[in-house]
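Written below as structure tokens is the structure these notes are about.
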Amino acid sequence: MSQLKGVKKARARVRKLPDALDQKAVSAISDTVTEVHKAGRANIDNMVKRRSGVLRRRYMKSVRKQTKTGKVGYISKAARRAAFYARFVHDGTKLAASRPFHDLAVAETEGAYVRRMRRALGSTIRGRK
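So the sequence shown is numbered by the numbering used here: it starts at 16 and just counts up by one.
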């Protein structure tokens, strides 16, 4: 009968892979959400002439570790109510041109998000930190 060496260590390492991947994925999502939020706020500053501060203050970010999701925008009900006119600024009206501060922020960071997620997956599979 032949014996394999290192099987217990290999099994333990494989058991830890999903947790490591989850941690790295959440980290990548958090980095992306922060980047989109920062770019969105910068776009608001550049695109909006009148500055009451409501758009900028209510433009928030949220990362949920359990579901591995991230949100950027007017997330809470109070934020949506307070920044009701954000939709008109972003999408425009008959009389006012659109200023898509959020869409531009997402487009700017889209490639970086894909790279972060690939890096997280690759480093987890290879067993690197």
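Ideal placement from N, C-alpha and C gives every residue a C-beta, glycine not left out.
Keep in mind that this is a model prediction, so the values were computed, not measured.
Residue interval of the alpha helix (DSSP H) (run including residue i)
| i | result |
| --- | --- |
| Thr84 | Premise fails: Thr84 lies in the beta strand (DSSP E), Thr84 to Gly88, not in any alpha helix (DSSP H). |
| Lys92 | Lys92 to Ala97 |
Buried or exposed (CB count within 10 angstroms, at least 16 for buried), residue i
| i | result |
| --- | --- |
| Ile140 | exposed |
| Thr84 | exposed |
| Tyr74 | buried |
| Thr82 | exposed |
| Tyr89 | buried |
| Ala54 | buried |
| Arg130 | exposed |
| Arg65 | exposed |
First through last residue of the beta strand (DSSP E) which encompasses residue i
| i | result |
| --- | --- |
| Arg114 | Note, Arg114: premise wrong, no beta strand (DSSP E); not H, not E. |
Rounded distance between the beta-carbons of residue j and residue i, thought under 8 Å
| i | j | result |
| --- | --- | --- |
| Val78 | Ser45 | 5 Å |
| Ala120 | Val51 | 5 Å |
| Which whole runs of the beta strand (DSSP E) in the segment 26-91 are 3 residues long or more, in chain order? | Within the segment 26-91, the complete beta strand (DSSP E) segments at least 3 residues long are 75-79 and 84-88, listed from N- to C-terminus.
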